[in-house]
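Our numbering applies: residue 550 is where the sequence shown begins, and numbers increase by one.
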Amino acid sequence: MKIDNLLSAFSTTRFFLLLFGLLILFSCKKEIVEPQTGSVNFMIDYLVDDQPLVFDTIQYTNDAGNTFSVTKIEYFISDITLIDEMGNESYFDDVFYMNPRLNESFQVALTDVELKDYASMRFHVGLNSDTNKTDYLPATTENQNMFWPEPMGGGYHFMKFEGHFIDSLGATLGYAMHLGTNTCLVNCVIEQPLSINEDNQVVELEMNLNEWFRNPHVYDLNSAGYIMGNQEKMRIIADNGNDVFKLK
Ligand SMILES: [Cu+2]
Numbered sequence: 550m551k552i553d554n555l556l557s558a559f560s561t562t563r564f565f566l567l568l569f570g571l572l573i574l575f576s577c578k579k580e581i582v583e584p585q586t587g588s589v590n591f592m593i594d595y596l597v598d599d600q601p602l603v604f605d606t607i608q609y610t611n612d613a614g615n616t617f618s619v620t621k622i623e624y625f626i627s628d629i630t631l632i633d634e635m636g637n638e639s640y641f642d643d644v645f646y647m648n649p650r651l652n653e654s655f656q657v658a659l660t661d662v663e664l665k666d667y668a669s670m671r672f673h674v675g676l677n678s679d680t681n682k683t684d685y686l687p688a689t690t691e692n693q694n695m696f697w698p699e700p701m702g703g704g705y706h707f708m709k710f711e712g713h714f715i716d717s718l719g720a721t722l723g724y725a726m727h728l729g730t731n732t733c734l735v736n737c738v739i740e741q742p743l744s745i746n747e748d749n750q751v752v753e754l755e756m757n758l759n760e761w762f763r764n765p766h767v768y769d770l771n772s773a774g775y776i777m778g779n780q781e782k783m784r785i786i787a788d789n790g791n792d793v794f795k796l797k
């Protein structure tokens, strides 16, 4: 009888010890699982369909049949959002000035990115209405050269995309696809899976410049080569911008 009691007391104690141990183990585990984060560098390649971008030569053709060159492409990337497979969003409020003519100096670099699998990403070309205000950005030469004139609403150019094209009469003309104003913010969406699994990971993107001239609207440079402040034309280019970026 005494031994039985002793045994059952022992096993009850053992049982509670085990339970206690498991509880501690699980509660500790919860605290230990912190998301790992790292830096991600987005490298952007510039193409015109399957041709690499080479500045200053009239050698590209868009869907409207315009033969054109590119002398300048400057823009802002902002509001980068990475979306995982469960639909959780990681948002970054950085603003990046981009200028492939001055290649190495301007990169899209994010820090504190959770290392995991993402299903898609989106971002803006331009600045959202909270930030598209004159002098919001640091007063660098690049940023100031992107100012949108105060009489036209202030803030910044979202993009300057310029070059020359052969018009319908065979003359060489300039064009300037300047985008600005809050209604012309460009929503870029990349519906491609992306695994961020190490610190300092490089993610390669490409911008196809011909996508600015197509889908959903075919843009003919003969209709208007200079669009700054022309809401109707700027909206067309902004709509077309939805799919200009892809993961490589
Ligand atoms: Cu302009």
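Don't be surprised by glycine CBs; every beta carbon is placed ideally from N, CA and C.
Since we're looking at a predicted model, the values are computed, not measured.
Three-way DSSP call (helix, strand, coil) for residue i in this model
i    : result
D792 : helix
M695 : coil
K621 : strand
E634 : coil
A613 : coil
T732 : helix
K782 : helix
N759 : helix
L722 : strand
Q585 : coil
A658 : strand
P649 : helix
A787 : helix
M550 : Residue confidence is low: M550 scores 47 on pLDDT, short of 50, so the model does not pin down where it sits. Its coordinate-derived value is still stated next. In this structure, M550 counts as coil in the three-state DSSP scheme.
P601 : strand
M708 : strand
Closest Cα partner of residue i within the set the options
i    : options                   : result
Q693 : E699, M701, Y705 and P700 : Y705
K682 : V738, N746 and T730       : T730
F672 : D605, Y624, L722 and N771 : Y624
W697 : L722, L676, D788 and R650 : L676
D769 : G778, N789, E753 and L754 : N789
G614 : V767, Y775 and A787       : V767
E740 : Y685, D792 and P765       : D792
G703 : L686, F591 and Q600       : L686
P601 : N746, E699, D716 and P649 : P649
Whether residue i touches residue j by CB criterion (7 Å)
i    : j    : result
A668 : I632 : yes
V662 : V589 : yes
L728 : M756 : no
F758 : V597 : The residue you asked about is not Phe; residue 758 is Leu in the sequence shown. Taking 7 Å as the Cβ cut-off, L758 and V597 qualify as a contacting pair.
I629 : L754 : no
Y646 : E691 : yes
I607 : T620 : no
G774 : L734 : no
Cβ distance (whole Å) where residue i is taken to contact residue j below 8 Å
i    : j    : result
F641 : L664 : Not a contact, Cβ separation roughly 15 Å.
Q784 : N611 : Inspection of the sequence shows that residue 784 is occupied by Arg rather than by Gln. Actually they are not in contact, since the Cβ atoms of R784 and N611 sit about 18 Å apart, beyond 8 Å.
C737 : V674 : 6 Å
G778 : M701 : 6 Å
Residue i, buried or exposed, once every other Cβ within 10 Å from all chains shown has been counted against 16
i    : result
E760 : buried
L743 : buried
V751 : exposed
A720 : exposed
A688 : exposed
S772 : exposed
F714 : buried
F604 : exposed
L651 : exposed
V582 : exposed
G636 : exposed
S618 : buried
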